[in-house]
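As structure tokens, the structure follows; a few thoughts come after it.
2 protein chains.
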Amino acid sequence: MSTDQTSSRPRLTRQRQLILDRLDQVDTFLSAQQLHAALRAEGETIGLATVYRGLQWLEEAGIVDSVRTTDGEATYRRCSMAHHHHLICRRCGRAVEVHGEVLEEWSRAIAAEHGFTQPEHFVEIFGLCPECTTRAAQNESSDSL
Amino acid sequence: MSTDQTSSRPRLTRQRQLILDRLDQVDTFLSAQQLHAALRAEGETIGLATVYRGLQWLEEAGIVDSVRTTDGEATYRRCSMAHHHHLICRRCGRAVEVHGEVLEEWSRAIAAEHGFTQPEHFVEIFGLCPECTTRAAQNESSDSL
DNA sequence: CTGGCACATGATAATGATTGTCATGTTCTT
DNA sequence: AAGAACATGACAATCATTATCATGTGCCAG
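Going down the list, the protein sequences come from chains Y and H.
No gaps in the numbering here: position 143 of the first sequence is 144 in our numbering, and each next residue is one more.
No gaps in the numbering here: position 70 of the second sequence is 71 in our numbering, and each next residue is one more.
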């Protein structure tokens with residue numbers, strides 16, 4: 002019992018800490034590429050592959066969660082609690098965590114109704130955040146197309 | 002001017018019809034690559050790029066809809082009606098269209114609550130279909146890990 | 001303190017899906 | 001039948017992601 006084979010030696014390294022710190026500073030989703038560029042811009046030396054690996058590891062560990070953008074890029078964000086969904090601004094990328102018991106129940110019910118087991122659901126709501134809504138309204142007048 | 006610039010000349014071509022026919026035959030999601038391979042296997046001459054373009058067009062036209070797999074590949078399926086979601090078997094890929102007024106209302110409410118406008122939502126439920134559930138239960142006894 | 005080991009890193013190459021290019025084919029209009 | 005407008009197909013280009021592999025780093029035993 003004293004043997005702990007699941008967790009081995011070093012784990013949360015300097016570069017993984019860097020990634021995590023960075024994600025703590027923003028409240029939007031960031032792609033691996035963006036994260037890498039941002040860290041390099043700050044003068045940190047970190048490889049792109051390391052960012053990918055770090056994010057994968059952090060995701061498996063349940064420390065961050067990921068969302069695919071419509072063009073297939075994976076983006077990551079630090080997440081606080083067990084289960085939640087996101088309300089994402091399709092313009093600036095700002096994200097808000099939302100919860101919904103209604104939704105959980107609904108998905109369980111739908112799955113059961115069709116005889117599906119072990120249901121898991123992925124929900125993302127995209128829209129325009131208050132700021133971007135205002136900005137969009139202002140640009141309306143000068144819109145040619 | 003009787004010129005109709007929104008809808009121009011040829012549209013639903015032979016190869017787009019091929020894609021559509023193929024999607025009508027299955028009830029799972031197919032990727033562009035799978036679709037292309039399947040059509041070529043049947044002896045049809047159709048280019049990969051054409052499949053991609055065809056699917057894009059069909060999607061914009063609302064004739065098919067797409068879902069991203071967890072590894073980022075876009076998959077497509079013929080869809081019947083305006084707005085719905087999917088209950089997808091994560092083992093065999095079988096998909097069932099589901100509807101939920103509850104969900105629509107919920108997403109509108111959540112968006113409004115946070116001042117977001119023009120909400121759009123993406124919902125997918127993944128689980129094991131009845132058949133795969135049975136099969137999984139049978140394999141349990143011989144599972145080593 | 002020191003050697004060794006397991007894992008992490010970083011640079012780069014490889015992969016794989018998707019998109020762009022461009023010359024040619026198709027089809028519709030006149 | 002001619003011309004315009006779009007579609008096609010082969011191939012190159014792009015872009016995110018993953019694999020490779022030699023090197024680095026931190027932790028453990030002695």
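The beta-carbon is built from N, C-alpha and C at its ideal position, and this holds for glycine as well.
{"Query": "Leaving out five residues before and five after residue 40/Y in sequence, what residues of the same chain have Cβ atoms less than 8 angstroms from its Cβ?", "Result": "19, 20, 23, 47, 52"}
{"Query": "Label residue 129/Y either buried or exposed according to how many other C-beta atoms from any shown protein chain fall within 10 Å of its C-beta, with 16 as the threshold for buried.", "Result": "buried"}
{"Query": "Below 7 angstroms on C-beta distance, what does residue 103/H contact in chain Y?", "Result": "103, 107"}
{"Query": "Using the DSSP secondary-structure output, state which residues sit across from residue 126/Y in a beta bridge.", "Result": "88/Y, 122/H"}
{"Query": "Just by C-beta distance, which residues in the segment 44 to 62 of chain Y are closer than 8 angstroms to chain H?", "Result": "none"}
{"Query": "Please report the Cβ distance between residue 126/H and residue 112/Y, rounded to the nearest whole angstrom; I am assuming they are in contact, meaning their Cβ atoms lie under 8 angstroms.", "Result": "6 angstroms"}
{"Query": "On the DSSP letters alone, give me the boundaries of the beta strand (DSSP E) that residue 96/Y sits inside.", "Result": "96 to 99"}
{"Query": "Taking Cβ to Cβ, would you say residue 99/Y is nearer than 8 angstroms to residue 86/Y?", "Result": "yes"}
{"Query": "Return no unless some Cβ of chain Y is closer than 8 angstroms to the Cβ of residue 134/H.", "Result": "yes"}
{"Query": "Would you verify that the beta carbon of residue 69/H is, or is not, closer than 8 angstroms to some beta carbon of chain Y?", "Result": "yes"}
{"Query": "For residue 88/Y, return the contacting residues in chain H, with the cut-off set at a CB-CB distance below 7 angstroms.", "Result": "111, 112, 115, 117"}
{"Query": "Would you kindly work out how many angstroms separate the C-alpha atoms of residue 106/Y and residue 14/Y, rounded to a whole number?", "Result": "39 angstroms"}
{"Query": "Whose C-alpha, out of 133/Y, 26/Y, 36/Y, 88/Y, is nearest the C-alpha of residue 74/Y?", "Result": "36/Y"}
{"Query": "Let me check one thing: in DSSP terms, what residues is residue 46/H bridge-paired to?", "Result": "Looking at the DSSP assignment, residue 46/H forms no beta bridge with any residue, so it has no partner."}
{"Query": "Measure the CB-CB distance between residue 133/H and residue 80/H and report whether it falls below 8 angstroms.", "Result": "no"}
{"Query": "Can you check which of these residues, 93/H, 121/H, 17/H, is closest to residue 50/H by C-alpha distance?", "Result": "17/H"}
{"Query": "For residue 30/H and chain Y, any beta-carbon pair shorter than 8 angstroms?", "Result": "no"}
{"Query": "Candidates 114/H, 57/H, 104/H, 44/H: which alpha carbon is nearest residue 32/H's?", "Result": "57/H"}
{"Query": "Nearest to residue 27/H by CA position, among 104/H, 76/H, 120/H, 115/H, is which residue?", "Result": "76/H"}
{"Query": "Compare the beta carbon distance of residue 69/H and residue 96/H with 8 angstroms and say whether it is the shorter of the two.", "Result": "no"}
{"Query": "Give the single residue among 54/H, 64/H, 12/H, 71/H whose Cα lies nearest to the Cα of residue 94/H.", "Result": "71/H"}
{"Query": "At least one CB of chain H closer than 8 angstroms to the CB of residue 36/Y: is that the case?", "Result": "no"}
{"Query": "Which residues in the same chain as residue 117/H place their Cβ atom closer than 7 angstroms to its Cβ, once the five residues preceding and following it in sequence are excluded?", "Result": "none"}
{"Query": "For residue 38/H, which residues does DSSP report across the bridge?", "Result": "According to DSSP, which records beta bridges pairwise, residue 38/H is partnered with nothing at all."}
{"Query": "Can you find a CB in chain H that lies within less than 8 angstroms of the CB of residue 73/Y?", "Result": "yes"}
{"Query": "Please confirm if residue 84/Y has its CB atom under 8 angstroms from at least one CB of chain H.", "Result": "no"}
{"Query": "Contact criterion: CB-CB distance below 8 angstroms. Does residue 98/Y meet it with respect to chain H?", "Result": "no"}
{"Query": "So what does DSSP say about residue 71/Y, is it helix, strand or coil?", "Result": "coil"}
{"Query": "CA-CA distance, residue 120/Y and residue 110/Y?", "Result": "10 angstroms"}
{"Query": "Is there a Cβ from chain Y that is less than 8 angstroms from the Cβ of residue 124/H?", "Result": "yes"}
{"Query": "In its own chain, which residues sit with a C-beta less than 7 angstroms from the C-beta of residue 45/Y, not counting the 5 before and 5 after it?", "Result": "19"}
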